[in-house]
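Undergrad: Quick note on numbering: numbering that gives the first Met the number 0 labels position 168 of the sequence shown as 167, and the sequence is numbered without any gaps. Beta carbons: idealized from backbone N, C-alpha and C, even for Gly. Just so you know, these numbers come straight off a predicted model, no measurement behind them. Let me begin by handing over the structure; questions about it come next.
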Amino acid sequence: MQRRIVVPAVLVVAAVAVAVGLYLFQPWRIFTSSTIIEDIPSAAPSSAIPATPTAVPAPRELAAGWLISHEHVSSGTVKILELPDGSRILRFEGLDTSDGPDLRVWLTDAPVLEGTAGWYLFDDGAYLDLGALKANKGDQNYEIPAATVLADYKSVSIWCARFTVSFAAAELKP
């Protein structure tokens with residue numbers, strides 16, 4: 000009699016554990032990938048029909064850095080650009096990292112350390128969440144809010160919010 004109760008109960012608990020594990024770890028993401036190629040935004044012309052053709056000013060690079068791998072092998076560059084209209088963006092160029100659950104783009108005040116020592120630092124201090132990672136490959140832009148004081152941040156992390164770990168990070172240098 001006890002066996003008839005224990006075996007189904009164990010099967011139900013095992014099924015729930017497998018479902019929770021699949022939800023949390025999303026192991027199929029090891030085999031998935033997405034690419035996005037965004038252009039650098041440009042300023043709109045001041046009038047619909049200009050009297051003379053004018054060159055659109057190029058964005059000004061405020062800071063840049065190279066991604067280093069943390070939890071996952073990653074590469075690419077990160078730039079903070081000031082656009083001609085005064086707005087600022089964080090831009091990944093040549094990004095190549097793994098797909099994962101709940102990946103975010105963070106500006107942080109944390110140092111960038113190589114190896115496992117650097118994996119968990121980025122949520123210890125100040126950080127600014129710029130949004131979900133749009134794709135794990137390609138060139139992409141993230142708007143930086145106008146009130147942001149860039150001097151408060153010295154690095155960027157591709158942060159896995161689900162497991163509180165950095166996939167990759169870059170130190171930002173002027």
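Locate the beta strand (DSSP E) running through S156, then write down its first and last residues.
TA: Here residue 156 is taken as the residue at index 157 of the sequence shown, counted from 1. Here the beta strand (DSSP E) through S156 covers 154-159.
Undergrad: Please report how far the alpha carbon of A63 lies from the alpha carbon of K172, in whole angstroms.
TA: For the purposes of this step, residue 63 is taken as the residue at position 64 of the sequence shown. For the purposes of this step, residue 172 is taken as the residue at position 173 of the sequence shown. One C-alpha to the other measures close to 5 Å.
Undergrad: Measuring straight from C-alpha to C-alpha, what distance separates L89 and I143?
TA: Numbered from its first residue, the sequence shown carries residue 89 at position 90. Numbered from its first residue, the sequence shown carries residue 143 at position 144. So the alpha carbons of these two residues sit roughly 7 Å apart.
Undergrad: In the DSSP assignment, find the beta strand (DSSP E) that holds N140 and state where it starts and stops.
TA: As a position in the sequence shown, residue 140 is number 141, starting the count at 1. Start and end: 136-143.
Undergrad: For the beta strand (DSSP E) containing K78, list its first residue and its last residue.
TA: Translated into positions along the sequence shown, residue 78 becomes position 79. Looking at the DSSP string, the run of the beta strand (DSSP E) that includes K78 is 74-81.
Undergrad: So the candidates are V12, Y141, I157; which of them puts its Cα closest to the Cα of E81?
TA: Start at 1 with the first residue of the sequence shown, and residue 81 comes out as number 82. Per the Cα distances, Y141.
Undergrad: Between which residues of its own chain and K153 is the CB-CB distance below 7 Å, once the five residues before and five after are set aside?
TA: Walking along the sequence shown from the start, residue 153 turns up at place 154. These residues qualify, in order along the chain: D108, E170, L171.
Undergrad: Where DSSP assigns a beta bridge to F91, which residues make up the other side?
TA: Locating residue 91 in the sequence shown gives position 92, where the first residue counts as 1. Paired residues: V77, Q139.
Undergrad: Give the DSSP bridge partners of L129, in chain order.
TA: Counted from its first residue, the sequence shown places residue 129 at position 130. DSSP, once it has assigned bridges, lists no residue as partnering L129.
Undergrad: Tell me, please, whether the region 122-132 touches the region 70-78 by the rule of three or more beta-carbon pairs shorter than 8 Å.
TA: The region 122-132 is not in contact with the region 70-78.
Undergrad: Within the continuous beta strand (DSSP E) that includes T163, where are the two ends?
TA: Within the sequence shown, numbered from 1, the residue matching residue 163 stands at position 164. Unbroken run through T163: none, as it is neither H nor E.
Undergrad: In angstroms, rounded to a whole number, what distance separates the CA positions of F166 and R3?
TA: As a first step, residue 166 must be located in the sequence shown, where it is residue number 167. As a first step, residue 3 must be located in the sequence shown, where it is residue number 4. Spanning the two alpha carbons is a distance of roughly 46 Å.
Undergrad: Nearest to E60 by CA position, among H69, F91, L66, is which residue?
TA: Looking up residue 60 in the sequence shown gives position 61. Closest option to E60, Cα to Cα, is F91.
Undergrad: Output the distance between the C-alpha atoms of A134 and Q1, rounded to the nearest integer angstrom.
TA: To locate residue 134, count along the sequence shown from 1; it is residue 135. To locate residue 1, count along the sequence shown from 1; it is residue 2. Going from the Cα of A134 to the Cα of Q1 covers about 51 Å.
Undergrad: Following the continuous beta strand (DSSP E) through I39, name the residue where it begins and the one where it ends.
TA: Looking up residue 39 in the sequence shown gives position 40. Unbroken run through I39: none, as it is neither H nor E.
Undergrad: From the DSSP output, read off the bridge partner residues of E170.
TA: Counting from 1 along the sequence shown, the entry for residue 170 is found at position 171. In DSSP, E170 forms a bridge with S154.
Undergrad: Do you know offhand how far T115's Cα is from A13's?
TA: To locate residue 115, count along the sequence shown from 1; it is residue 116. To locate residue 13, count along the sequence shown from 1; it is residue 14. Rounded to the nearest angstrom, the two C-alpha atoms are 32 Å apart.
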